[in-house]
Amino acid sequence: MNSTYVFVASEFHVYMWKYCPKSSSSSTGGATDKVPDTNGVSSQESTFHIDEEFFHKAGKGMRMEDTANASTDKICCMCCSDKFLMVGRESGVLHCYDFLGLRQEGKESLHCRPHAIELNCDSSRLSVIDMSGMLYFYEVQKQPHEVKEKQGATVRHTKKISNFERKDVWNIKWADDNPDLLAVMEKARMYILRGTEPEEPVACTAYLCSFHDLQIQAIHLDDVMHQPEDPGGEHVFIHETKSLRDTQHMLSAVDIQDAYSYVEEHSHPRLWISLANHALETLDLSYAEKAFVRCQNYYGIRFVKGLHSLKNKSMQKAEICTYFKRDKEAEQIYYSMDRKDLVIDMRMKLGDWIMLEKLLEGGGGNDSLLELTWNNIGDYHADRQSWDKAAVYYNKAKNSEKLADSLYALGDWDSLGALLESLRPGSPLFVSLANKFANVGICNHAVTAFVEGGNVKAAMDTCMDLNHWDIGMALATKYDQTKHVESTMVKYTTHLQESGNPLHAVQVLIKGGQQLEAAKILLQLARQMATIKLHCKQMLVVLLLIPNRCSSIIS
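Mapping of the sequence shown onto the UniProt record's numbering: position 331 corresponds to residue 331, and the numbering continues sequentially without gaps.
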């Protein structure tokens, strides 16, 4: 597996899937490039037989069987980098595939049967462990230009590095940031190879996990398997390379100039960072800046330039403490200078709003800064869905919009109604509150908010959606828009009658003040039920209970 591809091998087939990590999908808008095959088909999956030269047969997966390409030379190992895929076979044949053209770039025989293979970070060297535990190195090179394949592409080949081999090797791990560093497990010892030269071994039986920033991380899997339900930090083994250990020792024992010379000789970003951090601790800003430049740490360079602009050594120390996340120490330095304002600025830069609130309540700030602090504390609790705490701080900050969101999430409709009553005329929050109340069926507050927000039509539509036709008709009468409500009522009641719900239609008409139309429907129902005397009597009683001209209809 590399940064974009996953490979799976069976005895004779290799399956490739191109996935899109979250980091790349967010930067490309979620688009994932397709893998083109030789037939012009685009897919994120591709499969090929080990005796073929091209990736193809898109989307068939590992279930695909190709009896036409039968072979007895099985796949026994595989590795990949961001440039190549290497596949080893039981006969010792090694295949090299290029991702750019999705084709085979080289094929040759090793001197042994490989058990495990691995490429270094720049794909310039291949490590091979054979079946007897012997470790060999091969240089991965391009053939001279005059050597061509049939299609005209240059061929890659491997060249064994002579006079190098290691015995009893069972696990290896290349550094992911240095092509010359390799961690090797031999029996119960760990060796770190720089090129072909080993450092002093360390007793270890853990399985190598990662090799980054001159630091190896390994896992004691045997111990984990004894208690698989309760793995802990004690199962992780971390070891630093000799150059990192020596650098840390020199920084504490010798002059920084000598340490600088040593790091320059064994150049690595991790060593330069260690040197820069030590220089900052000793306020040696010139060496700190040089070290940040050598490791291309732009943030560190800017930080040192900012320190140069501070003429006060105490302020420089406080800034350096903040850089190393020693906030309490920096705060004590500022207090010793009687600069509470700098403590407030530091807490703001760190985003420590809870501590900043305590500082401001003790004096030293202003109302706008306190309001900003409360808003940020409210955001902190809202991000963690602690809506009750968020509502408290939004209320303190008088942030009505976010307070409304918090109360809505809590379902505190009484407080949301009180917030509605407290809004000033013309507030843009009226429409938002109206939609919130409408979503949960609280008609009165929704209508009030829509009307205050200047959207009477939305208020009437809400009444009709929530089956509050009486309120809707009252609004329509008040604002001279009865035609809109009446036409909607007619369509709705007609639909109810056609769908076999005449009594529901009667209820709607009565609520909407259309008693005459409701009486007509009831009279029609009574006539239909004339044969059932009890039902007919019930309908007539209901008719008599409806006021306004119903008696004239009966007569």
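Even glycine gets a Cβ: it sits at the ideal position worked out from N, Cα and C.
From a predicted model like this one, the values you see are computed outputs, not experimental measurements.
Item to check | Reduced DSSP category for VAL293 - H, G, I as helix; E, B as strand; rest coil | outcome: helix
Next on the checklist: Applying the 10 Å Cβ sphere with the 16-neighbour rule, what's the burial state of ASN312?
Outcome noted: exposed
Next on the checklist: Buried or exposed, going by whether 16 or more other CB atoms sit within 10 Å of the CB of LEU100?
Outcome noted: exposed
Next on the checklist: Going by DSSP in three states, GLY426 sits in which element: helix, strand or coil?
Outcome noted: coil
Item to check | Residue from GLU289, HIS278 and ARG166 with nearest C-alpha to THR196 | outcome: ARG166
Item to check | Same chain only: Cβ atoms within 6 Å of TYR335, ignoring 5 sequence neighbours per side | outcome: none
Next on the checklist: Spatial neighbours of LEU310 within its chain, please: C-beta separation below 8 Å, excluding the five flanking residues on both sides.
Outcome noted: GLN316 and GLU319
Item to check | C-alpha gap between ALA188 and ARG270, whole angstroms | outcome: 28 Å
Checklist entry - How many Å lie between LEU120 and ALA175 at the Cα? => result The sequence as given places Asn at residue 120; Leu does not occur at that position. Those two C-alpha atoms are separated by around 7 Å.
Next on the checklist: Can you look up THR47 in the DSSP assignment and give me helix, strand or coil?
Outcome noted: strand
Item to check | Under the three-state DSSP convention, the category SER109 falls into | outcome: strand
Checklist entry - Who are the near neighbours of VAL140 in its chain, counting only those whose CB is closer than 7 Å to its CB and skipping five residues on each side? => result SER123, SER124, ARG125, LEU126, ARG156 and THR158
Checklist entry - For the candidate residues ASN297, ARG294, ALA288 and GLN296, whose alpha-carbon lies nearest to that of ASP307? => result Note on identity: in this sequence residue 307 is Leu, with Asp being the wrong assignment. Nearest C-alpha to LEU307: ALA288.
Checklist entry - Which whole runs of the beta strand (DSSP E) in the stretch 227-263 are 3 residues long or more, in chain order? => result 236-240
Checklist entry - In chain order, which beta strand (DSSP E) runs of at least 3 residues are fully inside the stretch 301-341? => result none
Next on the checklist: Tell me the rounded alpha-carbon separation between LEU208 and TRP170.
Outcome noted: 10 Å
Item to check | Range covered by the alpha helix (DSSP H) that runs through MET1 | outcome: From DSSP, MET1 is part of no alpha helix (DSSP H); its letter is neither H nor E.
Item to check | Neighbourhood of ASP82 by C-beta distance below 7 Å, restricted to the same chain and skipping five residues each side | outcome: ASN2 and SER3
Checklist entry - Skipping 5 residues on each side, what residues in its chain have a beta carbon closer than 7 Å to that of MET250? => result ASP258, ALA259 and TYR262
Next on the checklist: So, for ASP412: in the same chain, excluding its five sequence neighbours on each side, which residues have a beta-carbon less than 8 Å away from its beta-carbon?
Outcome noted: ALA391
Checklist entry - Alpha carbon to alpha carbon, what distance is there between GLN296 and PHE84? => result 28 Å
Checklist entry - Alpha carbon to alpha carbon, what distance is there between VAL93 and LEU110? => result 6 Å
Item to check | Terminal residues of the alpha helix (DSSP H) in which ALA446 lies | outcome: 443-452
Next on the checklist: Just list the residues that DSSP pairs MET185 with in beta bridges.
Outcome noted: ASN171 and MET190
Checklist entry - Just how far apart, CA to CA, sit PHE12 and GLU52? => result 10 Å
Checklist entry - Given that a residue counts as buried once 16 or more other Cβ atoms are within 10 Å of its Cβ, and exposed if not, what is ASN163? => result exposed
Checklist entry - Since LEU119 sits in a beta bridge, which residues does DSSP pair it with? => result LEU126
Checklist entry - Looking only at its own chain, which residues have a Cβ that is under 8 Å from the Cβ of SER210, when we skip the five neighbours before and after it? => result LYS173, ASP176, ILE216 and GLN217
Checklist entry - Hey, how far is the Cα of TRP17 from the Cα of ALA116? => result 22 Å
Checklist entry - For the beta strand (DSSP E) that contains ASP379, what are its first and last residues? => result Unbroken run through ASP379 is the alpha helix (DSSP H), 367-383; no beta strand (DSSP E).
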